[in-house]
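What follows is a single structure, written as structure tokens, with notes after it.
Residue numbers (the working numbering): 5 to 179.
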């Protein structure tokens, strides 16, 4: 069966919703323990996806950072995986409110009042975070890649296509 469509994750998510649990756990403390273990298992997979994007689009100039798990400031937990690069760190958003250009972001977040945690980018999507072992973590690779692609496109949209170092190669290949 295809691993591109994450059937197991969605079925486990539906089970959680119907039972009011997260991977069989009821209390917030138990759920936070599962979240922390999920982040630990997910971290090498996220780092691998971000390093792949670094090589493909940023000519290896990027830096991967892991921030958290930590309090999100509202009583929840958040872990941020970021990919920054020199041009991004000095760029400003040109479309939308003026602000520094954000890095590529993948978040694992467990908001206060939420039944269970999710994966997302900085601006869109929420996917169930259903990770109990290394194979569960590896199965997230397709979602992580989709988040990275969405994030890359957002940074292009917020500035222009020159923000990615790979654009120089494309221009050279064109000539």
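Heads up, the beta-carbon is just placed ideally off N, CA and C, and yes, glycines get one too. All values reported here derive from a predicted model rather than from experimental measurement.
Just to confirm the assignment, what range does the alpha helix (DSSP H) spanning residue i have?
i	result
residue 51	32–61
Which same chain residues end up closer than 8 Å to residue i when comparing Cβ atoms and leaving out the 5 residues on each side of it in sequence?
i	result
residue 90	65
residue 187	Any answer about residue 187 is impossible in this case: the structure gives the chain only from 5 up to 179.
residue 61	156, 168, 169 and 170
Got a sec? Which residues, its chain only, sit under 6 Å from residue i by beta carbon, not counting five neighbours each side?
i	result
residue 71	84
residue 151	110 and 125
residue 63	169
My output table needs one value for residue i: the three-state DSSP class, helix, strand or coil.
i	result
residue 10	coil
residue 131	strand
residue 22	helix
residue 144	coil
I'd like the span of the beta strand (DSSP E) that includes residue i, first residue to last.
i	result
residue 73	67–75
residue 167	Segment: none, residue 167 is in no beta strand (DSSP E) and carries neither H nor E.
Who are residue i's beta bridge partners in DSSP?
i	result
residue 88	67
residue 113	82 and 122
residue 160	In DSSP, residue 160 forms no bridge with anything.
Grab me the residues of residue i's own chain with a C-beta within less than 7 Å of its C-beta, minus the 5 sequence neighbours each way, in chain order.
i	result
residue 50	85, 110 and 148
residue 136	27
Rank the options by C-alpha distance to the C-alpha of residue i and give the top, closest one.
i	options	result
residue 92	121, 133, 153 and 159	159
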